[in-house]
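Residues in the sequence shown are numbered from 14 upward in steps of one, following this note's numbering.
Glycine included, C-beta positions come from ideal geometry on N, C-alpha and C.
Report on the structure given below.
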Amino acid sequence: MASRRVLFVCTGNSARSQMAEGLLRQSAGDRFEVASAGTNPHGLHPLAVQVMREVGIDISQHQSKSLDLFLDLPFNWVITVCDRAKESCPIFPGAATRVHWSFDDPASAEGTEVERTAVFRRVRDEIQHRLRLFLATQERR
């Protein structure tokens, strides 16, 4: 059976989409081919790497990628994880389902490093919860 393809999209491809890619690959990578991209990529955020490492997932080798690299590729799902990306995400040929999951941008969190790290953890956990729901619906198919 061919893998189903999922693309996570956010603006910078620095945190939310990278965490979603790592989480889905870790939990169901045998069933999905997973990628992430940004409408305006600007580098992997170190706190995203840190909070993912806390749950046993290493995304330190991920790189921010432009959405342009994926425009001609077929995906079963294109999932935007920020409101700005939803507004500027192009139509993908052959994309069976386009979904929007709105998460706060942890990279814009203010405060001490402890406070900013807490926001990254919260967003990571929210993404993980949403992915569990997504996977549960896929298992019923």
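Measure the alpha-carbon distance for R97 versus G35 and round it to whole angstroms.
In this structure, the alpha-carbon of R97 lies about 21 Å from that of G35.
Starting from R111, follow its DSSP beta bridges and name the residues at the other end.
For R111, which the question treats as bridged, DSSP gives the partners V91.
Using CA coordinates, which residue listed in L82, D85, V136 is at the minimum distance from A114?
A quick correction: the sequence has Trp, not Ala, at residue 114. For the residues L82, D85, V136, the minimum Cα distance to W114 belongs to V136.
Short of 7 Å in beta carbon distance, which residues of its chain neighbour M14, apart from the five on each side in sequence? Order them along the chain.
At M14 the pLDDT is 42, less than 50, meaning the model places this residue with poor confidence and gives no usable figure here.
E67 to R111, Cα distance in whole Å?
Whole-angstrom Cα-Cα distance: 30 Å.
Use the C-beta contact count for R18: other C-beta atoms within 10 angstroms, 16 or more gives buried, fewer gives exposed.
Residue environment: R18 is assigned as buried (16 or more neighbouring CB atoms within 10 Å of its CB, all protein chains considered).
Alpha helix (DSSP H) segment containing F133, residue limits
For F133, the uninterrupted alpha helix (DSSP H) segment begins and ends at 126-152.
Taking the alpha carbon of E46 as the point to measure from, which residue in G124, Q141, N89, S30 has its own alpha carbon closest?
With distances taken between Cα atoms, E46 lies closest to N89.
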